[in-house]
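Protein chains in written order, with the numbering used here: chain A, 43 to 228; chain B, 93 to 256.
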Amino acid sequence: MSEPPLQRRPRRSLDWSTAFIAVTVIGAAIAVYVRDGQTRFLEILVSDVALFLDILPKVLAACLIASFVAVLMPRETVLRWVGAESGFMGLIIATMAGIIVPGGPITVFPIAAAFLAIGAGIGPTIAFVTSWTLLGYGRALIWELPFFGPEFVVWRSLIALPLPIVAGLLARSLAGLFGVRPGGGT
Amino acid sequence: MNLFVDLLLWAIAIVLAVIAGRRSHTLLRTSTREGVMDCVRLIPRIMLGVIGAGYIAALLPQETVGRWLGADSGFAGLAIATLGGFVTPGGPVIGFSIGVAALKGGAGAPQVIAYTTAWALFAFQRLFIWELGVMPPRLVWLRVAASLPIPFLAALGAMLIGRP
Chain A
43 MSEPPLQRRP RRSLDWSTAF IAVTVIGAAI AVYVRDGQTR FLEILVSDVA LFLDILPKVL
103 AACLIASFVA VLMPRETVLR WVGAESGFMG LIIATMAGII VPGGPITVFP IAAAFLAIGA
163 GIGPTIAFVT SWTLLGYGRA LIWELPFFGP EFVVWRSLIA LPLPIVAGLL ARSLAGLFGV
223 RPGGGT
Chain B
93 MNLFVDLLLW AIAIVLAVIA GRRSHTLLRT STREGVMDCV RLIPRIMLGV IGAGYIAALL
153 PQETVGRWLG ADSGFAGLAI ATLGGFVTPG GPVIGFSIGV AALKGGAGAP QVIAYTTAWA
213 LFAFQRLFIW ELGVMPPRLV WLRVAASLPI PFLAALGAML IGRP
């Protein structure tokens, strides 16, 4: 247990990307207020605050999972399975992991960042995020199925099955081209 | 289903906490504190993302979206669909509800698949709120670049198979 402590990226609560979204949101909120009136404005606010309270426990659980995974996951295992040298198998393993990880972006991005910090390669990390996005059962079952119905969801998922691997392969060659390393300075 | 995801997440977190606690109490304490602090730092972003999505969605012209993505719109339709996915806010529902509205309004299934796929992959708001907050920025843009062909490939797959 003498592994060096992890160098995790410091996270600021406010930065330029947040500021950009804040400006967009405030603009949209003002536009809705002016166009549709106060009732509609409050209606949206109430339903979105309810949604926010609903996802808060998920955020906390996901951050804890990511934090525990970062200290518990044996680094050699990660390196062997999904490290930079893991090749095509690493992409397949990462794709399967993306399918089974529960939750939303709240879960997947902290976990992906944790895996990256303990040595996962660029290709597998991106295959993981892409697989979660396109194939994650949570979103498909809770949201997509009620909207689109089973036939659409099943066919869309089947078509999407190989695509995380495509994204992983592409990402790996792009990373080689532009010299991006997993540690990823900004 | 929502409750199921909650329970599953917390079950995983608790199992991991027990494993960490068995290894050492200090490890459990420090990693718990770090996890909680991460969550606290994410809260302002999440509030913006969730509460903002409703207002942005209220301003989107849904019928127009449907008209642009007709079954005969071809490659241009796919390109518009992909761009549309990028500018649609990233809440859990918005992309799907617009996709269904488009499908009902006469959009082709491949175009709608391109749209929801692009939205799932790189809705700008999810990108800014969730991903850039947590992942190294260069890697985020690398992922977006590597994902650019994916909506087209998904639509092409749907065209070749002739389904859904």
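Glycine included, each C-beta is placed from N, C-alpha and C at the ideal position.
Taking a C-beta cut-off of 8 Å against chain B, the contacting residues of the region 107–140 of chain A are I107, A108, S109, F110, V111, A112, V113 and L114, listed in chain order. For A199 (chain B) and M138 (chain A), the gap between their C-alpha atoms comes out near 32 Å. Classified as buried, F157 (chain A) has 16 or more neighbouring CB atoms from the shown chains inside 10 Å of its CB. By the Cβ criterion, the region 201–216 of chain B is in contact with the region 173–188 of chain B, since at least three pairs of Cβ atoms, one from each stretch, lie closer than 8 Å. Residue burial is scored here from C-beta neighbours: F194 (chain A) has at least 16 other C-beta atoms within 10 angstroms and is therefore classed as buried.
Against T81 (chain A), chain B offers no close residue; the least beta-carbon distance is about 12 Å (beta-carbon pairs closer than 8 Å).
For the pair A209 (chain A) and A246 (chain B), the CB atoms are not nearer than the 7 Å cut-off. Residues are counted here when their Cβ sits less than 7 Å from a Cβ of chain A; for the region 200–222 of chain B these are I205, T209, A212, L213, Q217, R218, F220, I221 and W222, given in chain order. Against chain B, a Cβ distance below 8 Å from I207 (chain A) picks out nothing, because the smallest value is about 11 Å. Restricting attention to beta strand (DSSP E) runs no shorter than 3 residues, the region 165–240 of chain B encloses none. Apart from the 5 residues on each side of it in sequence, F151 (chain A) sits with its Cβ closer than 8 Å to the Cβ of V171 in its chain, given in chain order. Membership of P192 (chain A) in the alpha helix (DSSP H) is indicated by the continuous run P192 to A202. Neighbours of I201 (chain A) across chain B, judged by C-beta separation under 8 Å: I205, A246, G249, A250 and I253. Under the DSSP definition of a beta bridge, A246 (chain B) lacks any partner. By the Cβ test, the region 128–143 of chain B is in contact with the region 100–110 of chain A, since at least three Cβ pairs between them sit closer than 8 Å. Between F214 (chain B) and F178 (chain B), the C-beta spacing is below 7 Å. A straight line joining the alpha-carbon of I104 (chain B) with that of R115 (chain B) spans about 17 Å.
Against A217 (chain A), the close residues of chain B are L234, in the order they occur along the chain (beta-carbon pairs closer than 7 Å). Listed as beta-bridge partners of G165 (chain A) by DSSP are no residues whatsoever.
In the assembly as shown, S173 (chain A) is a buried residue. Its beta-carbon has 16 or more other beta-carbons within 10 Å.
When 8 Å is used as the limit between beta carbons, I148 (chain B) is near these residues of chain A: T66, V67 and A70, in chain order. Beta-bridge pairing by DSSP links G146 (chain B) to no other residue. DSSP places G125 (chain A) in the strand class (E or B) of the three-state scheme. Scanning its chain for C-beta atoms nearer than 7 Å, with the 5 sequence neighbours on each side dropped, one finds around W211 (chain B) the residues G177, T180 and G187, in chain order. Of the other Cβ atoms in all chains shown, fewer than 16 fall within 10 Å of the Cβ of E118 (chain A); this residue is therefore exposed. Between I134 (chain A) and W123 (chain A), the gap from beta carbon to beta carbon reaches 7 Å or more. With fewer than 16 other CB atoms across the displayed protein chains lying within 10 angstroms of its CB, E127 (chain A) is exposed.
The C-alpha of I68 (chain A) is placed about 21 Å away from the C-alpha of R133 (chain B). Taking C-beta atoms under 8 Å as the contact rule, R235 (chain B) and I168 (chain A) qualify, at a distance of about 5 Å. In the three-state reduction of the DSSP assignment, G127 (chain B) falls in the helix class. Secondary structure in the region 61–86 of chain A: no beta strand (DSSP E) run of 3 residues or longer lies completely within the stretch. G140 (chain A) carries a helical assignment under DSSP once its states are collapsed to helix, strand and coil.
Secondary structure at G210 (chain A): helix, using DSSP grouped into helix, strand and coil. For R114 (chain B), the closest Cβ of chain A is not nearer than 7 Å.
Taking G191 (chain B) as reference, the option from B:T156, B:F216 and B:W222 with the minimal CA-CA separation is B:T156.
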